[in-house]
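First residue of the sequence shown? That's 161 in the numbering used here, and the numbers climb one at a time after it.
Report on the following structure.
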Amino acid sequence: MKLIIDTDPGIDDAMAIAYAAAAPEIELIGLTTVFGNTHVHQSSRNARFLLDKLGIDAPVAEGAPVAQGADTHAPSEHVHGPEGFGDVTDIPQIGSNHSLSAAEYLVEMARVHKGELVVCAVGPLTNIAAALRLDPEFAQNIARLVIMGGAVYCPGNITPHAEANIYHDPLAADEVFANPPTTVVVGLDVTLRTLYEGADFDGLAEQSADMGGFLRDISKFYLKFYKDVGGLEGCGLHDSTAVIACTHADMFTMVETGLQVVADGPEIGLTRPDPSRPVVHVCCDVDGAGVVDLFTQRVASLP
Ligand code: RIB
Ligand code: CA
C-alpha cells in the first residue's frame with residue numbers, strides 16, 4: 161500500500177514513521193509536514209532526520225506554518241520538548257525539502273498513484289484542507305484518508321472537549337469533514353486504549369538498538385508528561401494506531417456518522433456527530449493489546 165504520512169514530528173509521530181518503515185504492507189512514498197507539536201521547519205528537519213535514520217529515500221514536502229486564518233501558533237513544547245523529540249535536542253539538518261509544498265505534493269502524488277494512495281494525517285488538518293481546495297479531484301484520486309484526530313465519544317486531551325490535532329486547526333478540520341474523501345477517523349476514542357509503557361520502550365531498545373533506542377530516549381519526556389498530567393503509566397500510540405488502521409482495519413470497530421467541528425467558543429475543537437454531514441468511519445473500539453503487540457513486533461525488527 162502506497163502511503164504518505166502528513167505529520168508534525170513529534171514523539172508519537174516518530175514512532176508512527178518507524179512503524180510505517182518496518183511494516184511489510186506499507187510503501188512509504190513521502191512525508192508532508194505541518195505545524196503542531198513543533199514549528200513546521202522543525203517538523204521538516206525531524207522528518208528528514210527520521211527518513212535518513214530509517215534508510216528510506218523519500219521526499220519531505222513542507223506544509224503549513226500556521227492554522228487556516230490564524231497567524232500565531234505555540235508548539236506543544238510541554239508535551240514533545242523544545243525540538244519535538246523530548247530531551248533529545250541535537251537533531252542534525254539532513255538534506256533539504258521537496259520543491260513542492262505539502263498540498264502540491266499530495267495533489268501530485270494522488271494524480272500519479274490514482275486510486276492507490278492512502279494519506280494518513282497525524283497532525284492538524286491544514287495541509288489536507290489545502291489539498292482538497294487545490295484540486296477538486298484530490299478526494300477521488302486518493303484511496304482513502306486516515307486521520308489521527310478527534311475525540312468523538314470521549315473527552316479531549318488539550319481541553320476537556322478537544323483533541324490536539326483538531327484543536328490546532330478547527331477550521332481546516334471542519335472543512336475536511338464538510339466534504340470528505342473516503343475517511344477513517346482514529347481519535348482518542350481508540351488511541352488511549354493503546355498505552356505504551358516505559359518497560360515496552362526498554363524492550364524495544366533491547367531488540368532494536370538504533371531506532372528502538374532512539375524512540376526510548378525521546379519517549380522519556382513524553383512518558384513524564386502522561387504521568388504528571390494524566391496519572392498514566394504509558395503514552396498513547398496515537399499516530400501509530402492511525403498508521404496501523406491504514407492496513408489493519410479489522411482490528412477496529414467503526415461507526416458511520418458525519419462529523420462537525422466546533423469553530424469557536426468554550427468547546428472549540430470539539431468533534432461531534434452531525435447526521436447532516438457526509439459519512440466518515442469513526443473508530444469507536446480497538447484491539448488495543450493487538451495494536452501494541454503489532455507495533456512492538458514490527459519496530460523491533462528495525463536495526
Ligand atoms: O492528540 C494526539 C495527537 O496530537 C498526536 O498526533 C500527537 O502527535 C499530538 O500532538
Ligand atoms: Ca502528530
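Cβ coordinates follow ideal geometry from the N, Cα and C atoms, glycine included.
Check whether residue i and residue j have beta carbons under 8 Å apart
| i | j | result |
| --- | --- | --- |
| V452 | Y356 | yes |
| D166 | G283 | yes |
| A207 | T193 | yes |
| G246 | S379 | yes |
| V350 | R304 | no |
| T413 | C444 | yes |
| M175 | T407 | no |
| F385 | Y179 | no |
| I164 | R205 | no |
| D168 | S203 | yes |
| T354 | L392 | no |
| D239 | N301 | In the sequence under discussion, the amino acid at residue 239 is Val, which differs from the Asp named in the question. Not closer than 8 Å, so no. |
| L211 | L191 | yes |
| T383 | G358 | Residue identity check: residue 383 is Leu in the sequence provided, not Thr. Yes. |
| A449 | L364 | no |
| N317 | L277 | no |
| P330 | V440 | no |
| Q228 | A289 | yes |
| D370 | V248 | no |
| V272 | A405 | no |
| A263 | L294 | yes |
CA nearest to the CA of residue i, picked from the options
| i | options | result |
| --- | --- | --- |
| Y265 | L292, M414, N197, A333 | L292 |
| E416 | D399, R437, L430 | R437 |
| D399 | L163, K162, G170, M161 | G170 |
| A224 | F209, S236, V200 | V200 |
| E366 | V439, L191, P463 | P463 |
| E268 | H240, A289, E297 | E297 |
| H321 | A230, A311, H328, T342 | A311 |
| I467 | V239, G391, E427, G394 | Not covered by the structure: residue 467. The range shown for the chain is 161 to 463. |
| A332 | T286, F195, E237, D410 | T286 |
| L458 | D434, E185, D173 | Sequence check: residue 458 is Arg here, not Leu. When each option's Cα is compared against that of R458, the closest is E185. |
| V226 | L210, L191, E323, H328 | H328 |
| V346 | I177, A234, E323, G358 | E323 |
| L430 | C395, A281, Y313 | Y313 |
| M308 | D172, S461, A449, V248 | D172 |
| F195 | C280, T249, S236 | S236 |
| G275 | D360, H441, T342 | T342 |
| L188 | D410, A409, C280 | C280 |
| Q253 | H273, D295, F209 | F209 |
| T319 | G425, G394, G241, C395 | G425 |
| P242 | R432, V389, P435, F381 | F381 |
| L352 | P315, D434, D388 | P315 |
| A183 | D388, H233, V403 | V403 |
Chain D contact for residue i (CB, 8 Å cutoff)
| i | result |
| --- | --- |
| A332 | Judged by its chain identifiers, the structure shown contains no chain D, having just a single protein chain. |
Point to revise | Completely contained beta strand (DSSP E) runs for the segment 194-281, where each covers 3 or more residues | key: 220-222, 277-281
Exercise for review: Just list the alpha helix (DSSP H) runs in the segment 385-416, keeping only unbroken ones of 4 residues or longer that don't cross its boundaries, in chain order.
Suggested key: 398-407
Exercise for review: May I ask you to verify whether the segment 410-430 touches the segment 331-338, counting CB pairs closer than 8 Å and requiring at least 3?
Suggested key: yes
Practice item. Return the chain-ordered ranges of every alpha helix (DSSP H) run that is complete within the segment 315-363 and spans a minimum of 4 residues. Key: 324-328, 330-338, 348-351
**Study point:** Validate contact between the segment 251-258 and the segment 213-226 using beta carbons, cut 8 Å, 3 pairs
**Key:** yes
Point to revise | Unbroken stretches of the beta strand (DSSP E), 3 residues or longer, contained in the segment 289-313 | key: 304-308
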